[in-house]
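**Q** I am attaching a structure below and will ask some questions about it afterwards.
2 protein chains.
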Amino acid sequence: MKKALGIDIGGTKILYSVLDEEGNILSEIKKIHTPKTAEEIENTLKNIIEQHYDEIDVIGLSSAGAVNLENTMVLSSTPNLPQGYNSIDFSKLSDKKVFVENDANCAVWAEYKSGAAKGFDTVLMVTIGTGIGGGLVSKGRLFRGSKGNALEVGSMKIFADKRQKCTCGRYDCWEAYASGTGLKNCAINGALEFPEFKTSIFKDKNPQSLTTYDITDGVEKNDEFSKKVFENWQYYMFVGLVGLTDILNPDCIVVSGGMCEFVDVNQLEEKINAETVVTNVCVKRAETKNNAGMIGAGLLALNEN
Amino acid sequence: MKKALGIDIGGTKILYSVLDEEGNILSEIKKIHTPKTAEEIENTLKNIIEQHYDEIDVIGLSSAGAVNLENTMVLSSTPNLPQGYNSIDFSKLSDKKVFVENDANCAVWAEYKSGAAKGFDTVLMVTIGTGIGGGLVSKGRLFRGSKGNALEVGSMKIFADKRQKCTCGRYDCWEAYASGTGLKNCAINGALEFPEFKTSIFKDKNPQSLTTYDITDGVEKNDEFSKKVFENWQYYMFVGLVGLTDILNPDCIVVSGGMCEFVDVNQLEEKINAETVVTNVCVKRAETKNNAGMIGAGLLALNEN
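So the sequence lines, in the order shown, correspond to chains G and P.
Straight run, no breaks: the first sequence in our numbering ends on number 305.
Straight run, no breaks: the second sequence in our numbering ends on number 610.
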């Protein structure tokens, strides 16, 4: 069985280990700080590859940002990664094959090959954090779109009347309603909309200062206002997911990201299947968690080999 | 060069001709009435195949309804096709290969191979008639989803507050706003919303009786109310298309169907590219028109051969 070195390059840390074709982790997972310059990142990656050179066949890298169609460079780097990062030709890091892919694509591949979506045909992953990201696998292939930018699901609009400004500057993006930021927006709007605010545990607070934690904690404490806000948020989650189901006909949706623990996947699955015009879908929580990028990158490098 | 018999089975007529691998039509296009029973349809198809048997290598059929993954049967037949239609095993019609595909998938394939989207990588087709349908090709493959039902784009919601009931019984489907039916809904709602209705050429009409023709005709006659209604309709069109662009990252969107002549494709393209978070897209009007199903079915049968 062939082996890959999977490396997840994050804004603050780099995570890596050796994997087999089934996604089993064969070496201790190591974690180091992401260096501050592109040159140092390049040297650090070369060192990591050197350490494991004799054990591996290919190297897979997971990175934020859009990746070129040859999977050798990151085209649009993110504010978390240093200047010059998008000039690195990752294929030059080793004489063994190096394959770089966007972190969302790596994550959906990890879930499809060795996580919650193992055995499914068409897998949509939706990552719910500060914003909402996505990835899609169908019939054994990543869906990348024409230039590798597909599955920017957080940007689809779920209102068409310029109601809620998104942090991106546009209006009514799904992530302005159904992400962590969306939950805060639901609380701010809910304070005006729901009379329950006046009797809620937050009645003396400025609604603008409410956090996602306040609301999820309020739901646990059975606060009526928090429950209404949370119900709205879950409805917005449903609206986006049922649309994506109708468009993509997945047989599995995997939810991941910092907010995914608050999502009632069973209720969502039931509501989506009651309303979708296509065949039924399973909704599951991600399993590979923090290792998703590392595992997915390694497995993709092996798959494309 | 191999040749296909392309057959489009519609609710009222069957259209067919012989095609080559480039989509060139090699025989006169024939049109016959669709028989009223499944058995007669089967016999008619056998006769058509018999007529052209010596000229062709494969047979491609375009049909309404969802098709099984083996492309041999139509699973869900439509009200326009007779009982028993979904029991026909089309692969048994001939000893040559018979390939059946959903009409929307055939249409996008026709545009991709020999129509407006020739040479593009990822092609989204949106068919705007009474409702809205869709099809997608990416990297030389039809995107079908897990069970062949994908691209039910008309069902994605563009509002999340149960504002407009759709003919399907659910709320806020894109097609309740941006289809032909959607334009009528825009007129009905506009009569309440826009004071211009009181001075419009329709002021003495019951808004419920306004047709899509009334509005498009009113726009031509420079009627202020019609122009406002039409502007809303185009905005709803844009909202759906920019979302689909962010999700699918197509490099070409082809609009087709009875309403497509009213769509300002240049304005739509400009607005989508100003707002999308992914790479730019071209918006074009379909070219294969009424022959789309027939051409696409023939070309798909040749491609899958």
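By construction, the Cβ of each residue, glycine as well, lies at the ideal position given by its N, Cα and C atoms.
(1) Please decide whether Phe530 (chain P) counts as near chain G, where near means a Cβ-Cβ distance under 8 angstroms.
(2) The ligand GTP and Ile314 (chain P): does the residue's C-beta get closer than 7 angstroms to at least one heavy atom of that ligand?
(3) Note the first and the last residue of the continuous beta strand (DSSP E) segment covering Asn102 (chain G).
(4) Between Ile314 (chain P) and Ser368 (chain P), which are expected to be in contact by the criterion C-beta below 8 angstroms, what is the C-beta distance as a whole number of angstroms?
(5) Mind checking if Ile355 (chain P) is an interface residue toward chain G, Cβ cutoff 8 angstroms exclusive?
(6) With 7 angstroms as the limit, tell me which residues of the region 449-462 of chain P have their beta carbon closer than that to any beta carbon of chain G; keep them in chain order.
(7) State buried or exposed for Lys470 (chain P), treating a residue as buried only when at least 16 other CB atoms are found within 10 Å of its CB.
(8) Just confirm the distance between the C-beta atoms of Val254 (chain G) and Ala117 (chain G), as a whole number of angstroms; I'd bet it's less than 8 angstroms.
(9) Which of the three DSSP states, helix, strand or coil, is assigned to Asp313 (chain P)?
(10) Which chain G residues are close to Phe507 (chain P), counting only those with a beta carbon under 7 angstroms from its beta carbon?
(11) Can you grab the Cα-Cα spacing for the pair Asp246 (chain G) / Ile272 (chain G), in whole Å?
(12) For Ala579 (chain P) and Val547 (chain P), I'd like the C-alpha separation in whole angstroms.
(13) Please list, in chain order, the chain G residues whose beta carbon lies closer than 7 angstroms to that of Glu480 (chain P).
(14) Please confirm if the region 276-283 of chain G is in contact with the region 152-163 of chain G, defined as three or more CB-CB distances below 8 angstroms between the two stretches.
(15) 8 angstroms is my cut-off, CB to CB: does Thr279 (chain G) come that close to chain P?
(16) Less than 6 angstroms between C-beta atoms, sequence neighbours within five positions excluded: which residues of the same chain meet that for Glu287 (chain G)?
(17) Okay, do the region 56-76 of chain G and the region 252-268 of chain G touch, 3+ Cβ pairs below 8 angstroms being the bar?
(18) Going straight from the alpha carbon of Asp204 (chain G) to that of Phe197 (chain G), what length do you get?
(19) List the endpoints of the continuous beta strand (DSSP E) containing Gly485 (chain P).
(20) In this structure, does DSSP put Met125 (chain G) in helix, strand or coil?
(21) Would you mind working out which of P:His357, P:Ser484, P:Ile346, P:Lys308 sits nearest Ser439 (chain P), comparing C-alpha positions?
(22) Tell me whether the beta-carbon of Tyr540 (chain P) lies closer than 8 angstroms to the beta-carbon of Gly487 (chain P).
(23) Quick one: does Phe464 (chain P) have its CB under 8 angstroms from some CB of chain G?
(24) I want to verify the contact list: residues of chain P whose CB lies under 8 angstroms from the CB of Pro250 (chain G), in sequence order.
(25) How would you list, in chain order, the residues of chain P whose beta-carbon sits under 7 angstroms from the beta-carbon of Val239 (chain G)?
(26) So is Ser87 (chain G) buried or exposed if we call it buried at 16+ other beta carbons inside 10 Å?
(27) Taking only three categories from DSSP, how would you classify Cys29 (chain G)?
(28) Would you say Ile361 (chain P) lies against chain G (beta-carbon separation less than 8 angstroms)?
(29) At a CB-CB cut-off below 8 angstroms, which residues of chain P make contact with Tyr235 (chain G)?
(30) So which residues of chain P does Leu170 (chain G) contact, with C-beta pairs closer than 7 angstroms?
(31) Checking contacts by CB at 8 angstroms: is Ser138 (chain G) closer than that to chain P?
**A** Looking at the coordinates:
(1) The count along the second sequence starts at 1 and reaches residue 530 (chain P) at position 225. By the rule that beta-carbons nearer than 8 angstroms mark a contact, Phe530 (chain P) does not touch chain G.
(2) In terms of ligand content, the structure shown is empty, and the ligand GTP therefore cannot be addressed.
(3) Along the first sequence, one-based indexing puts residue 102 (chain G) at 102. That run of the beta strand (DSSP E) goes 97-102.
(4) Counted from its first residue, the second sequence places residue 314 (chain P) at position 9. Counted from its first residue, the second sequence places residue 368 (chain P) at position 63. At roughly 5 angstroms, the Cβ-Cβ gap stays under 8 angstroms, so Ile314 (chain P) and Ser368 (chain P) are in contact.
(5) Walking along the second sequence from the start, residue 355 (chain P) turns up at place 50. For clarity, residue 355 (chain P) is Glu in the given sequence; the question names Ile instead. It does not: the Cβ of Glu355 (chain P) has no partner Cβ on chain G nearer than 8 angstroms.
(6) Gly450, Ser451, Lys452, Asn454, Ala455, Leu456, Glu457, Val458, Ser460, Met461, Lys462
(7) Counting from 1 along the second sequence, the entry for residue 470 (chain P) is found at position 165. Lys470 (chain P) is exposed by the Cβ-count criterion.
(8) Position 254 of the first sequence, counting from 1, holds the residue named residue 254 (chain G). Position 117 of the first sequence, counting from 1, holds the residue named residue 117 (chain G). Right, their Cβ atoms sit about 5 angstroms apart.
(9) Stepping through the second sequence from its first residue, residue 313 (chain P) is reached at position 8. Reduced to three states, the DSSP call for Asp313 (chain P) is strand.
(10) Residue mapping note: residue 507 (chain P) aligns to position 202 of the second sequence, counting from 1. Those do not exist, as Phe507 (chain P) stays about 24 angstroms from chain G at its closest Cβ, beyond 7 angstroms.
(11) Position 246 of the first sequence, counting from 1, holds the residue named residue 246 (chain G). Position 272 of the first sequence, counting from 1, holds the residue named residue 272 (chain G). Using only the alpha carbons, I get a separation of about 10 angstroms.
(12) Position 274 of the second sequence holds residue 579 (chain P). Position 242 of the second sequence holds residue 547 (chain P). About 10 angstroms.
(13) Here the question's residue 480 (chain P) lines up with position 175 in the second sequence. Correct list: empty, because the minimum Cβ distance to chain G is about 11 angstroms.
(14) no
(15) As a first step, residue 279 (chain G) must be located in the first sequence, where it is residue number 279. It does: the Cβ of Thr279 (chain G) has a partner Cβ on chain P nearer than 8 angstroms.
(16) Locating residue 287 (chain G) in the first sequence gives position 287, counting from the first residue. Hits under 6 angstroms: Gly115, Ala116.
(17) no
(18) Walking along the first sequence from the start, residue 204 (chain G) turns up at place 204. Walking along the first sequence from the start, residue 197 (chain G) turns up at place 197. In a straight line, the C-alpha of Asp204 (chain G) is about 10 angstroms away from that of Phe197 (chain G).
(19) Your numbering for residue 485 (chain P) matches position 180 in the second sequence. Counting along the chain, Gly485 (chain P) falls outside any beta strand (DSSP E), though it belongs to the alpha helix (DSSP H) covering 485-498.
(20) Walking along the first sequence from the start, residue 125 (chain G) turns up at place 125. Here Met125 (chain G) sits in strand by DSSP.
(21) Against the second sequence, residue 439 (chain P) aligns to sequence position 134. The sequence shown places Gly at residue 439 (chain P), not Ser. If we check each option's Cα against that of Gly439 (chain P), P:Ser484 comes out closest.
(22) Within the second sequence, the letter at position 235 stands for residue 540 (chain P). Within the second sequence, the letter at position 182 stands for residue 487 (chain P). The answer is no: Cβ separation not under 8 angstroms.
(23) To locate residue 464 (chain P), count along the second sequence from 1; it is residue 159. Phe464 (chain P) counts as touching chain G.
(24) Looking up residue 250 (chain G) in the first sequence gives position 250. In chain order: Gly450, Ser451.
(25) Here the question's residue 239 (chain G) lines up with position 239 in the first sequence. Going along chain P in sequence order, the residues near Val239 (chain G) (Cβ under 7 angstroms) are Lys462, Ala465.
(26) Indexing the first sequence from 1 puts residue 87 (chain G) at position 87. Under this definition Ser87 (chain G) is an exposed residue.
(27) Within the first sequence, residue 29 (chain G) is the residue found at index 29, counting from 1. According to the sequence as given, residue 29 (chain G) is Ile; it is not Cys. Coil, per DSSP.
(28) Stepping through the second sequence from its first residue, residue 361 (chain P) is reached at position 56. Ile361 (chain P) does not count as touching chain G.
(29) Taking the first sequence and counting its residues from 1, one reaches residue 235 (chain G) at position 235. Residues of chain P passing the Cβ test: Ala465.
(30) The count along the first sequence starts at 1 and reaches residue 170 (chain G) at position 170. As written in the sequence, residue 170 (chain G) is Arg, which differs from the Leu given in the question. Residues of chain P passing the Cβ test: Glu580.
(31) Sequence index remark: in the first sequence, residue 138 (chain G) carries index 138 (1-based). Yes - at least one Cβ of chain P is within 8 angstroms of the one on Ser138 (chain G).
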